[in-house]
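Chemist: Sequence order for the protein chains is A and B.
First residue of the first sequence: 1, per the working numbering; consecutive thereafter.
First residue of the second sequence: 1001, per the working numbering; consecutive thereafter.
Even for Gly, the Cβ is constructed at its ideal location relative to N, Cα and C.
Following this message is one structure expressed as structure tokens.
2 protein chains.
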Amino acid sequence: MGQLQRWIYPAGLLCSVILNVVFVVLYVQMNSKWKPDWSKSAAKEAEAVAAVTCSGHGRAYSDGLVVDGSPVCECNTCFEGPDCSQFSPHCAADVESGDPLFLEPFWMQHAASSAVVIMGWHRMSYSYSDRSTISQELDKLIRKLHAHVGNANTTGRFIVFGAGSTQLLNAAVHALSPHNSSEPAKVVATIPYYPAYKSQTEFFDSVHFHFEGDASMYMNSSTSNTTSTFIEFVTSPNNPDGKLSKAVLRALMSKQYMIVPTTGLISLQFQLLQMTISCCLPFPSLLVMLEWALVKEKDVFEAMTTYMSRNTEGVSRDSQLRALKLLKVVMEGSGREIFEFSSKTMKDRWDQLNKTLSVSKHFSLQEITPQHCTFFQRVRTPSPAYAWLKCERREDKDCPAVIREAGIIGRNGTLYGSNSSYVRLSLIKTQDDFDVMLHHLNKLVTKEKQNVKNGINHTSSSYISL
Amino acid sequence: MGQLQRWIYPAGLLCSVILNVVFVVLYVQMNSKWKPDWSKSAAKEAEAVAAVTCSGHGRAYSDGLVVDGSPVCECNTCFEGPDCSQFSPHCAADVESGDPLFLEPFWMQHAASSAVVIMGWHRMSYSYSDRSTISQELDKLIRKLHAHVGNANTTGRFIVFGAGSTQLLNAAVHALSPHNSSEPAKVVATIPYYPAYKSQTEFFDSVHFHFEGDASMYMNSSTSNTTSTFIEFVTSPNNPDGKLSKAVLRALMSKQYMIVPTTGLISLQFQLLQMTISCCLPFPSLLVMLEWALVKEKDVFEAMTTYMSRNTEGVSRDSQLRALKLLKVVMEGSGREIFEFSSKTMKDRWDQLNKTLSVSKHFSLQEITPQHCTFFQRVRTPSPAYAWLKCERREDKDCPAVIREAGIIGRNGTLYGSNSSYVRLSLIKTQDDFDVMLHHLNKLVTKEKQNVKNGINHTSSSYISL
């Protein structure tokens, strides 16, 4: 016992000192770890917002409404409640707009690498240090991206940024129109075309260009009448129908948006390379905040750059910084992840939609042939961004109204220069938007099958009960 | 000695145990502190960039060049070297542009509150949840700011955002021009006017409006010819000369940019309320990435909103988020700090400039009378954004060339509809830009004094040796 008492203190002290040493090591380790200083408050705020999961049917934003100190959920269409958990089965699917929300989960999975901290004093000049309005680091990264994807050779090409394709499109039309001619350039596109071609060209009512509608109307005159300048919008894959379009006025082809001014000799070849839904780049807009154009001719590049400066002093510096960060994520690792994610998501949606409508005689989808994809080095089945739905029955002339009655909000074919037997359905919104649309389409087709079974072939006043 | 040995272990153990308890408390405390999760990498990256101080004569940016893993300094004009520490005394001061870089130190002092983390999935829609392209939180904050400053009553007014004043100005001209008239609206301004009024209106060459130059040319015709629509740009305080301008075509007055279309009856009163250098808001642009307009008429607001959507799908969501954050800082505490900072900085610069040029007979500055300021509730001495320098001597007709020779790059008066005996010098760039300009001006005036002393009164081929 005496022996034990003699050793109890030294042994206890030894253990305690060992523990001291462990604590010191831990403490030093913890203190040597990087801790945020001035960025802490912003980081904490953002993480608090991101922690609001909204049941997976919505999301909170840093600039959204705050109630009692908590960020409020912004729910997907047809979901309600403080945490977006309540589904409204009678609600209409809104698949009208081209918001590329299907990419949201991808960026959420890459929260760490895709976040960016903007300092209060970030880029307070109207220009970068080289006096341009274009971030040279972003320019370099975009060239790398094209080389990686293999969809464009950027050597000798100039890059112009726009705050979205709409700004770039008008800048291009402005730059390509002759400014010393009494006759405005004729802006044309093949039906069905992206509505902005018409609406924007007409809205900006310049003395130098005028929207003239369907390109095919000028197929003959374009060869005989060389005094007119034609600017043809070519979108390939086309919006809305996903077809690989070609310029009808000249046999020039691009995988992307292309504007070909045909004035006498072939003097200009202009490309607006915008990321599109295709086998290689399966999304309509890689970035929602910035688009770019690859321009061949220096004078067109300069004219477009002047347009951007006069219009908005170039693209927002904040968006350029964010774009730089997001494109770095795109190029991370093998640089295939976002393409595989997008491709898979869009292919799944397209397959499900096709399966649903394959049994219908009342509704049809556009046919898209599989293409060989350089990037994935294989032939890939279609995965378009939009469904170009046709109401096949004569009595369903107002197709948007027919599908609206079935609980689906699409975009009228007339906006695309086509007619109202067509509707464009957006497949690139959230999974919820797609699922609700499919749910309503399934009910529509089921009703059709039942009617066929019952021998009813007339137009039902309501396809489905909402 | 035996007594001491008997107590050494228990005492040691006690100390060690106490130390362990302290460590446990520290450990628990440290672990309970908030630590960044996914935002850590972005925060670390930004802090590393901000830590590059560039000797106070430059700054590194998150989207700037990176060499060997280190962000590269972007130096102020006339400073060089990897850390911007080398001053080039023979270098010309560049005070041409209106970059509001004088606010950089303010935002650096408020690094924590002005930083913002943008998540990868931030606002991937083309619209906010209310389907607009305007952040309602930002709209609300701007109204609060105006109420706080007391420079505008926003009740019943609509707010339109633009990616800078240039976009807003053209949107306003577009919205105010008649679209059903064969005659384009006449866009006018009083000389000297902000160059964009002319350059932008001419550049966007619409069929609906045309730049017609000096407003005073139409003072008579505007009263007799009521069939024409006039759109008058009024900037008050005016850019470049800081004068409190009034509309010459109609006696309507605003403290800010104002566009008054004068078509027959007084039907529209339109205000583009842009933050300007005045006693109350002593800066040209509070935010470099976003401007806003307060609009009285609903139809003008809708037309401007349509313009913004067609043009750029509204203002970048990233910029709106950042603007929200920065305006929150502006409103922090008493909400006076930024105004006091700006007011003091600009007043100091103006006083120094005046002192330097007060002894010169060759150069003069505009005269600005002190104004009563509602915000500060006192009469304040002038603190304009720009110096409107005049070369007084007949032989110095090309004033920009004269001061260029002296090592100062200003903007030619001809761009403002005036003549080349005037130059605009920007006072709102960095302290370095201002100091270098003042340094060269001092040399210029010293040379003038020496010449007077020596009885030389002819034009020197070079005012100062660079």
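Cβ of Val1315/B within 7 Å of any heavy atom in the ligand ADP?
Modeler: Absent from the structure shown: the ligand ADP. Ligands present: none.
Chemist: Does the count of Cβ pairs from the segment 1188-1200 of chain B and the segment 1168-1177 of chain B closer than 8 Å reach three?
Modeler: yes
Chemist: Is it buried or exposed, Pro89/A, if we count other Cβ atoms within 10 angstroms and call 16 or more buried?
Modeler: Position 89 of the first sequence holds residue 89/A. That one is exposed.
Chemist: Counting only the same chain and skipping the five closest in sequence on each side, list residues whose C-beta sits under 7 Å from that of Lys449/A.
Modeler: Against the first sequence, residue 449/A aligns to sequence position 449. Same-chain partners within the cutoff: Val359.
Chemist: For the segment 375-409 of chain A, list the beta strand (DSSP E) runs that are entirely contained and at least 3 residues long, ordered along the chain.
Modeler: 378-380 and 386-391
Chemist: Using the beta-carbon of each residue, which ones in chain B are nearer than 7 Å to Ala60/A?
Modeler: Mapped onto the first sequence, residue 60/A falls at position 60. The contacting residues do not exist; Ala60/A stays about 10 Å from chain B at best.
Chemist: Between the Cα of Ile368/A and those of Met124/A, Leu353/A and Asp241/A, spot the shortest distance and give me the residue it belongs to.
Modeler: Position 368 of the first sequence, counted from the first residue, corresponds to residue 368/A. Ile368/A has its Cα closest to that of Asp241/A, out of Met124/A, Leu353/A and Asp241/A.
Chemist: Looking only at C-alpha atoms, which of Arg322/A, Gln109/A, Met289/A and Phe211/A sits nearest to Asp1063/B?
Modeler: Taking the second sequence and counting its residues from 1, the one referred to as residue 1063/B is at position 63. When each option's Cα is compared against that of Asp1063/B, the closest is Arg322/A.
Chemist: Take Glu80/A as the anchor and find which of Pro100/A, Asp99/A, Gly56/A and Phe102/A has the nearest alpha-carbon.
Modeler: As a first step, residue 80/A must be located in the first sequence, where it is residue number 80. Nearest to Glu80/A by C-alpha distance, out of Pro100/A, Asp99/A, Gly56/A and Phe102/A, is Gly56/A.
Chemist: Mind checking which residues open and close the alpha helix (DSSP H) that includes Ala43/A?
Modeler: On the first sequence, position 43 is the one that residue 43/A refers to. Taken as a continuous stretch (DSSP letters only), the alpha helix (DSSP H) holding Ala43/A covers Lys40 to Ala50.
Chemist: My understanding is that Tyr128/A touches Ile134/A, with C-beta atoms under 8 Å, so please give their C-beta distance in whole angstroms.
Modeler: By one-based count along the first sequence, residue 128/A stands at place 128. By one-based count along the first sequence, residue 134/A stands at place 134. Contact holds; Cβ gap of about 7 Å.
Chemist: Mind the definition here: the segment 343-355 of chain A touches the segment 313-322 of chain A only if three or more C-beta pairs lie below 8 Å; say whether that holds.
Modeler: no
Chemist: I'd like the ranges of any alpha helix (DSSP H) spanning at least 4 consecutive residues and lying wholly in the segment 1150-1183 of chain B.
Modeler: 1165-1176
Chemist: Since Trp388/A and Arg424/A are thought to touch, with beta carbons under 8 Å apart, how far apart are those beta carbons, to the nearest angstrom?
Modeler: Counting from one through the first sequence, the residue named residue 388/A turns up at place 388. Counting from one through the first sequence, the residue named residue 424/A turns up at place 424. That pair is a contact at about 6 Å.
Chemist: Which one of His210/A, Val66/A, Phe203/A and Phe158/A has the shortest CA to CA distance from Glu183/A?
Modeler: For the purposes of this step, residue 183/A is taken as the residue at position 183 of the first sequence. Measuring from the Cα of Glu183/A, the nearest candidate turns out to be His210/A.
Chemist: Going by DSSP, what residue range makes up the beta strand (DSSP E) through Trp292/A?
Modeler: For this step, residue 292/A is matched to residue 292 along the first sequence. Element bounds for Trp292/A: Glu291 to Val295.
Chemist: Would you tell me roughly how many angstroms separate the C-alpha atoms of Glu1297/B and Ser1177/B, rounded to the nearest one?
Modeler: Your numbering for residue 1297/B matches position 297 in the second sequence. Your numbering for residue 1177/B matches position 177 in the second sequence. Cα-Cα distance, rounded: 14 Å.
Chemist: For Leu353/A, list the residues DSSP reports as bridge partners.
Modeler: Numbered from its first residue, the first sequence carries residue 353/A at position 353. Answer is none; Leu353/A lacks a bridge partner.
Chemist: Look at Val295/A and Val160/A and say whether their C-beta atoms are less than 8 Å apart.
Modeler: Numbered from its first residue, the first sequence carries residue 295/A at position 295. Numbered from its first residue, the first sequence carries residue 160/A at position 160. Yes, these two residues count as a Cβ contact at 8 Å.
Chemist: Strictly below 7 Å CB to CB, what residues from chain A border Leu1324/B?
Modeler: Taking the second sequence and counting its residues from 1, one reaches residue 1324/B at position 324. In chain order: Asp63.
Chemist: Return the first residue and the last residue of the beta strand (DSSP E) that Lys35/A is part of.
Modeler: Position 35 of the first sequence, counted from the start, is the residue given in the question as residue 35/A. Counting along the chain, Lys35/A falls outside any beta strand (DSSP E), and DSSP gives it neither H nor E.
Chemist: Determine the burial state of Gly36/A: buried for a count of at least 16 other Cβ atoms within 10 Å of its Cβ, exposed for fewer.
Modeler: Your numbering for residue 36/A matches position 36 in the first sequence. Checking the displayed sequence, the identity of residue 36/A turns out to be Pro instead of Gly. It counts as buried.
Chemist: Can you check whether the CB of Ala1303/B is closer than 8 Å to the CB of Ile1231/B?
Modeler: Counted from its first residue, the second sequence places residue 1231/B at position 231. Counted from its first residue, the second sequence places residue 1303/B at position 303. Against a cut-off of 8 Å, the Cβ pair of Ala1303/B and Ile1231/B comes out as no contact.
Chemist: Do you know how far the Cα of Ser1097/B is from the Cα of Glu45/A?
Modeler: In the first sequence, the residue the question calls residue 45/A occupies position 45. In the second sequence, the residue the question calls residue 1097/B occupies position 97. Approximately 36 Å, taken between the alpha carbons.
Chemist: In angstroms with no decimal places, state the Cα-to-Cα distance between Ser1216/B and Thr1190/B.
Modeler: Position 216 of the second sequence, counted from the start, is the residue given in the question as residue 1216/B. Position 190 of the second sequence, counted from the start, is the residue given in the question as residue 1190/B. C-alpha separation (whole angstroms): 7 Å.
Chemist: Under 8 Å between C-beta atoms, does Arg394/A make it to chain B?
Modeler: Counting from one through the first sequence, the residue named residue 394/A turns up at place 394. Chain B contact via Cβ: absent.
Chemist: From the beta carbon of Ala1112/B, is the nearest beta carbon of chain A less than 8 Å away?
Modeler: Indexing the second sequence from 1 puts residue 1112/B at position 112. It does: the Cβ of Ala1112/B has a partner Cβ on chain A nearer than 8 Å.
Chemist: Should Met1119/B and Ala11/A be called a contact, given that it needs their Cβ atoms to be closer than 8 Å?
Modeler: For the purposes of this step, residue 1119/B is taken as residue 119 along the second sequence, with counting starting at 1. For the purposes of this step, residue 11/A is taken as residue 11 along the first sequence, with counting starting at 1. In this structure, Ala11/A does not lie closer than 8 Å to Met1119/B by Cβ.
Chemist: In chain A, which residues lie with their C-beta within 7 Å of the C-beta of Gly1012/B?
Modeler: In the second sequence, the residue the question calls residue 1012/B occupies position 12. Contact annotation for Gly1012/B against chain A: Leu13 [CB-CB distance below 7 Å, chain order].
Chemist: For Gly1069/B, does the three-state DSSP call read helix, strand or coil?
Modeler: Along the second sequence, one-based indexing puts residue 1069/B at 69. Correct three-state label for Gly1069/B: coil.
Chemist: My understanding is that Val1445/B touches Leu1357/B, with C-beta atoms under 8 Å, so please give their C-beta distance in whole angstroms.
Modeler: Counting from one through the second sequence, the residue named residue 1445/B turns up at place 445. Counting from one through the second sequence, the residue named residue 1357/B turns up at place 357. Contact flag correct, Cβ pair sits at about 7 Å.
Chemist: In chain B, which residues lie with their C-beta within 7 Å of the C-beta of Phe76/A?
Modeler: Along the first sequence, read from residue 1 onward, the residue named residue 76/A stands at position 76. Before going on, a small fix: residue 76/A reads as Asn here, not Phe. Near Asn76/A there are no residues of chain B at all, since even the closest Cβ is about 10 Å away, more than 7 Å.
Chemist: Against His208/A, what residues of chain B qualify as contacts under a CB-to-CB distance less than 8 Å, listed in chain order?
Modeler: Taking the first residue of the first sequence as 1, we reach residue 208/A at position 208. Asp1205, listed in chain order.
Chemist: Considering only their Cβ atoms, is the gap separating Ala92/A from Ile428/A smaller than 8 Å?
Modeler: Numbered from 1 along the first sequence, position 428 holds the residue referred to as residue 428/A. Numbered from 1 along the first sequence, position 92 holds the residue referred to as residue 92/A. Cβ distance not < 8 Å, so Ile428/A and Ala92/A don't count as in contact.
Chemist: Got a sec, what are the start and stop residues for the alpha helix (DSSP H) His439/A sits in?
Modeler: Taking the first sequence and counting its residues from 1, the one referred to as residue 439/A is at position 439. Gln431 to Lys453 is the span of the alpha helix (DSSP H), which, as asked, contains His439/A.
Chemist: Of all the CB atoms in chain B, is at least one closer than 8 Å to the CB of Met275/A?
Modeler: Counting from 1 along the first sequence, the entry for residue 275/A is found at position 275. Note that Met275/A scores 39 on pLDDT, short of 50, meaning its location in the model is unreliable and no value can be drawn from it.
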